[in-house]
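A.B. asks: So for the sequence shown, the numbering used here puts the first residue at 34; every next one is plus one. From the three backbone atoms N, C-alpha and C, an ideal C-beta is built for every residue, glycine too. All of these numbers come straight from a predicted model, not from anything done at the bench. So that we are looking at the same thing, I have put the structure below in structure tokens.
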Amino acid sequence: MPTQFDVVVIGAGPAGYVAAIRAAQLGLKTACVEEWQTLKGEYVLGGTCLNVGCIPSKAMLESSEHFEAATSKLVDHGITITGASFDLAKMLARKDAIVGKMTKGIDYLFRKNKVTWLKGHGRLGPRNEDGWQIIVGEASVAARFVIIATGSKARPLPGVTVDQQLVCDNIGALAFETVPKRLGVIGAGVIGLELGSVWRRLGANVTILEALPTFLAAADEAIAKEAWKLFTSHADLTIKLSAKIKAVTIGASSVSVQYTHEGAEHQLECDRLIVSIGRIPNTDNLDAEAVGLKLEGRGFIDVDEHCRTNLPNVYAVGDVVRGPMLAHKGSEEGVMVAEAIAGQKGHVNLNTIPWVIYTSPEIAWVGKSERELNEAGIPYRVGVFPFTANGRAQGQDETDGFIKMLAHANTDEILGVHIVNSHASELIAEAVVAMEFRASAEDIARIVHAHPTLSEVMHEAALGTLGRALHI
Ligand code: FAD
Ligand code: NAI
């Protein structure tokens, strides 16, 4: 008889491992299936986020920003560092050590919470009186409830082979052993911008080719415009919009990309190419069709607002379902589902999921953009305050960008907050809390914000929606 679990989670990324921990906390006998192996063949937890996503990319962002500060930014503070250099191998080793620490941390949390880790590939089997059969390699276990959290992988560009040497997706692009002199990137989305700027700061000449005519189409227009201005002011970062890729030819040590742009044929010669054109859900070899699991047109598992699939007692969370492909969105869905299985009630408000793009400066937003409000016919007021008018930002020499707040014209409820600033990732939290509590702009305007802090810009943006900003 197969081992019986209350809950089996398939996938141990931030959606799956959090769901497993929460289910175990609630007293459910829980197992989590995970197949990810390092190059050395060691099984690891944490999924895309910990192994080849959020965590390693932010480690590299930080290192490259320190280098840029040492070579150029500190000069304005009266600090000159001559002969600054970096050791890329050490930088990569630091990143790998952080990843190792974090993935082992999940292993520790599994043991602490008594989550059984089933190592290997998981597939859905039939349901019988013991529950759903989950096949892991040669073995099988039974589960009363199943949570599918199999995540996503890089979307391939037809006809282009990713060898993780010359042509890379996010996996190879986080591990270049030398800084490419000429780096090509296909796709000016989040990965292209974040990883493109890491390698630019370390000395690469970066050209990003984007198919769409608009830059950062998902962001508020004013934010995208400001970001465009700031990013393209670097001589060594070129972004070409409306670029149509015709062919990618891989040579012995370089890659040639043929594309059309502004009606002319072009050729981009680069030492490395990153393909970052979005991600697709991981439902391969899951036997979804065999058990009748309903998928949407683009391959995502079809779920309702509570992450229930069409199959009884089978849920799906994270990148493998609709909504933004963000770690924190997946984790919150994992918690919601574990609590629902334990008989509690929960929900995830997709309207208050914060977005952060870790470029320099950073971009962050929550809620609606002006375009979305206009499309929905919702009347709103706008408050915009620039960091250049903020004392702390001046002291930090980080005056780029602004905060823009959008509040309902009649009720004053905050509908969206959009930030460009080097600390946008931290500043957005106040806006998320405010929106979850359905605060009005006046609430933020009346709350005392410490001086001198960057948070005063949020305060002033709120005052701005009421037409009474103080320092501008
Ligand atoms: P994943 O993290 O993809 O995990 C799914 C897991 O399931 C994997 O470990 C996989 O091995 C396993 N699996 C799949 N199928 C099976 C199977 N059949 N059997 C066993 N195991 C299986 N998001 C942010 O919020 N902030 C960031 O800063 C950020 N940075 C990113 C940077 C990069 C370069 C990338 C690529 C992504 C980034 N993301 C970021 C997105 C974030 O990584 C994903 O949204 C998040 O990892 C999704 O979590 P998940 O648990 O749904 O899936
Ligand atoms: P993306 O969806 O952010 O951007 C892909 C870009 O590629 C788009 O601008 C698209 O128009 C363009 N594109 C598509 N096909 C193209 C083609 N043939 N030629 C040229 N351009 C083309 O996807 P990306 O950057 O791959 O990231 C995937 C996801 O991972 C993100 O959407 C996000 O959910 C997540 N992520 C989140 C991060 C964060 O939270 N900071 C960081 C990195 C990734």
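Just how far apart, CA to CA, sit VAL290 and LEU306?
C.D. replies: The count along the sequence shown starts at 1 and reaches residue 290 at position 257. The count along the sequence shown starts at 1 and reaches residue 306 at position 273. Taking the straight line joining both Cα atoms gives about 9 Å.
A.B. asks: Less than 7 Å between the beta carbons of ALA176 and VAL281, yes or no?
C.D. replies: Counting from one through the sequence shown, the residue named residue 176 turns up at place 143. Counting from one through the sequence shown, the residue named residue 281 turns up at place 248. No, the pair does not count as a contact, with Cβ atoms beyond the cut-off.
A.B. asks: So, under 8 Å CB-CB, ASN423 and GLU365 are touching, yes? Tell me the CB distance rounded to an integer number of Å.
C.D. replies: The count along the sequence shown starts at 1 and reaches residue 423 at position 390. The count along the sequence shown starts at 1 and reaches residue 365 at position 332. Actually they do not touch by this definition, with Cβ atoms about 31 Å apart.
A.B. asks: Got a sec? Which residues, its chain only, sit under 7 Å from ASN146 by beta carbon, not counting five neighbours each side?
C.D. replies: Taking the sequence shown and counting its residues from 1, one reaches residue 146 at position 113. Around ASN146: ILE54, ALA57 and GLN58.
A.B. asks: Counting only the same chain and skipping the five closest in sequence on each side, list residues whose C-beta sits under 7 Å from that of LEU383.
C.D. replies: Residue numbering aside, residue 383 sits at position 350 when the sequence shown is read from its first letter. The answer, listed in chain order, is GLY356.
A.B. asks: Within a Cβ cutoff of 6 Å, which residues of the same chain sit near ASP269, ignoring the five residues on either side of it in sequence?
C.D. replies: Against the sequence shown, residue 269 aligns to sequence position 236. Taken in chain order, the residues that qualify are ARG233 and ASN238.
A.B. asks: With a 10 Å radius around its C-beta and 16 neighbouring C-beta atoms as the bar for buried, classify GLN300 as buried or exposed.
C.D. replies: Within the sequence shown, residue 300 is the residue found at index 267, counting from 1. Label assigned to GLN300: exposed.
A.B. asks: Is it the case that the Cβ atoms of ALA349 and VAL336 are separated by a distance below 7 Å?
C.D. replies: Position 316 of the sequence shown, counting from 1, holds the residue named residue 349. Position 303 of the sequence shown, counting from 1, holds the residue named residue 336. Yes; because the gap between Cβ atoms is below 7 Å, this pair is in contact.
A.B. asks: Is the beta carbon of GLY410 less than 7 Å from the beta carbon of ALA494?
C.D. replies: Against the sequence shown, residue 410 aligns to sequence position 377. Against the sequence shown, residue 494 aligns to sequence position 461. For GLY410 and ALA494, no; Cβs fall outside 7 Å.
A.B. asks: For ARG305, which three-state DSSP category applies?
C.D. replies: Within the sequence shown, the letter at position 272 stands for residue 305. If DSSP states are grouped into helix, strand and coil, ARG305 belongs with the strands.
A.B. asks: Please classify LYS137 as buried or exposed, where buried requires at least 16 other C-beta atoms within 10 Å of its C-beta.
C.D. replies: Counted from its first residue, the sequence shown places residue 137 at position 104. Burial call: exposed.
A.B. asks: Hey, would you say the C-beta of LEU94 is under 6 Å away from at least one heavy atom of the ligand FAD?
C.D. replies: By one-based count along the sequence shown, residue 94 stands at place 61. Checking every heavy atom of the ligand FAD against the Cβ of LEU94, none is found closer than 6 Å.
A.B. asks: In terms of residues, what are the limits of the alpha helix (DSSP H) holding PHE100?
C.D. replies: As a working mapping, residue 100 is identified with position 67 in the sequence shown. Run containing PHE100: 87-104, per the alpha helix (DSSP H) assignment.
A.B. asks: Counting pairs of Cβ atoms below 8 Å between the stretch 148-156 and the stretch 164-172, do you hit three or more?
C.D. replies: Yes, the stretch 148-156 is in contact with the stretch 164-172.
A.B. asks: How would you write the range of the alpha helix (DSSP H) that THR265 sits in, first residue to last?
C.D. replies: Taking the first residue of the sequence shown as 1, we reach residue 265 at position 232. Note, THR265: premise wrong, no alpha helix (DSSP H); not H, not E.
A.B. asks: Mapping DSSP to helix, strand and coil, what is PRO419?
C.D. replies: Looking up residue 419 in the sequence shown gives position 386. Strand.
A.B. asks: Just to confirm the assignment, what range does the alpha helix (DSSP H) spanning ASN146 have?
C.D. replies: Residue mapping note: residue 146 aligns to position 113 of the sequence shown, counting from 1. 121-146 is the extent of the alpha helix (DSSP H) around ASN146.
A.B. asks: Residue ranges of each alpha helix (DSSP H) run of no fewer than 4 residues wholly in the stretch 439-465, ordered along the chain?
C.D. replies: The qualifying runs do not exist here; there are none.
A.B. asks: Between PRO47 and the ligand FAD, is there a pair consisting of the residue's CB and a ligand heavy atom that are separated by less than 6 Å?
C.D. replies: In the sequence shown, counting from the first residue as 1, residue 47 sits at position 14. For the ligand FAD, at least one heavy atom lies less than 6 Å from the Cβ of PRO47.
A.B. asks: Under the three-state reduction of DSSP, which class applies to VAL324: helix, strand or coil?
C.D. replies: Residue 324 sits at position 291 when you count from the first residue of the sequence shown. In the structure shown, VAL324 sits in coil (DSSP, three-state: anything other than H, G, I, E or B).
A.B. asks: Skipping 5 residues on each side, what residues in its chain have a beta carbon closer than 6 Å to that of GLY311?
C.D. replies: The residue given as residue 311 occupies position 278 in the sequence shown. Cβ neighbours of GLY311 beyond the five flanking positions: ARG188.
A.B. asks: What residue range does the beta strand (DSSP E) around TYR348 cover?
C.D. replies: Along the sequence shown, one-based indexing puts residue 348 at 315. Element bounds for TYR348: 347-349.
A.B. asks: Would you mind reading off the limits of the alpha helix (DSSP H) that contains HIS492?
C.D. replies: Start at 1 with the first residue of the sequence shown, and residue 492 comes out as number 459. 488-498 is the extent of the alpha helix (DSSP H) around HIS492.
A.B. asks: What number of angstroms, rounded off, separates the C-alpha of ILE394 from the C-alpha of VAL195?
C.D. replies: Translated into positions along the sequence shown, residue 394 becomes position 361. Translated into positions along the sequence shown, residue 195 becomes position 162. Reading off the sequence shown, one finds Pro at residue 394, where the question assumed Ile. Approximately 30 Å, taken between the alpha carbons.
A.B. asks: For the beta strand (DSSP E) holding ASP476, just list the boundary residues, first then last.
C.D. replies: Here residue 476 is taken as the residue at index 443 of the sequence shown, counted from 1. Looking at the DSSP string, ASP476 is not in any beta strand (DSSP E); the run it does join, the alpha helix (DSSP H), is 474-479.
A.B. asks: Mark HIS484 as exposed unless 16 or more other C-beta atoms lie within 10 angstroms of its C-beta, in which case mark it buried.
C.D. replies: Counting from one through the sequence shown, the residue named residue 484 turns up at place 451. Exposed, because fewer than 16 other Cβ atoms sit within 10 Å of the Cβ of HIS484.
A.B. asks: According to DSSP, which residues form a beta bridge with ILE241?
C.D. replies: Numbered from its first residue, the sequence shown carries residue 241 at position 208. Paired residue(s): VAL218 and ILE272.
A.B. asks: Would you check if the stretch 206-219 and the stretch 57-75 touch, i.e. whether three or more CB-CB distances between them fall below 8 Å?
C.D. replies: Counting Cβ pairs under 8 Å, fewer than three are found: no touch.
A.B. asks: Out of curiosity, what's the CA-to-CA distance linking GLU101 and LEU94?
C.D. replies: Locating residue 101 in the sequence shown gives position 68, where the first residue counts as 1. Locating residue 94 in the sequence shown gives position 61, where the first residue counts as 1. Those two C-alpha atoms are separated by around 10 Å.
A.B. asks: Ignore the nearest five residues each way along the sequence and tell me which others in ARG127's own chain have a CB closer than 6 Å to its CB.
C.D. replies: To locate residue 127, count along the sequence shown from 1; it is residue 94. Taken in chain order, the list of residues that qualify is empty.
A.B. asks: Rounded to whole angstroms, what's the CA-CA distance from GLY376 to ALA251? Just pull it up for me.
C.D. replies: Here the question's residue 376 lines up with position 343 in the sequence shown. Here the question's residue 251 lines up with position 218 in the sequence shown. Going by the C-alpha atoms only, they are around 36 Å apart.
A.B. asks: What are the residues that DSSP puts in a beta bridge with VAL288?
C.D. replies: Within the sequence shown, the letter at position 255 stands for residue 288. VAL288 is bridged to ILE283 and CYS303.
A.B. asks: Given 6 Å as the limit, tell me if GLU329 has its C-beta closer than that to any heavy atom belonging to the ligand NAI.
C.D. replies: Translated into the one-based positions of the sequence shown, residue 329 becomes position 296. Answer for GLU329: no, Cβ out of range of the ligand NAI.
A.B. asks: Take THR240 and list the residues in its own chain whose beta-carbon comes closer than 6 Å to its own, dropping the five residues that flank it on each side.
C.D. replies: Along the sequence shown, read from residue 1 onward, the residue named residue 240 stands at position 207. GLY217, THR271 and LEU301.
A.B. asks: For MET358, is the beta carbon positioned less than 6 Å from some heavy atom of the ligand FAD?
C.D. replies: Residue numbering aside, residue 358 sits at position 325 when the sequence shown is read from its first letter. Yes; taking the cut-off as 6 Å, the Cβ of MET358 has a heavy atom of the ligand FAD nearer than that.
A.B. asks: For THR444 and TYR413, what's the separation of their Cα atoms in angstroms?
C.D. replies: Start at 1 with the first residue of the sequence shown, and residue 444 comes out as number 411. Start at 1 with the first residue of the sequence shown, and residue 413 comes out as number 380. Going from the Cα of THR444 to the Cα of TYR413 covers about 9 Å.
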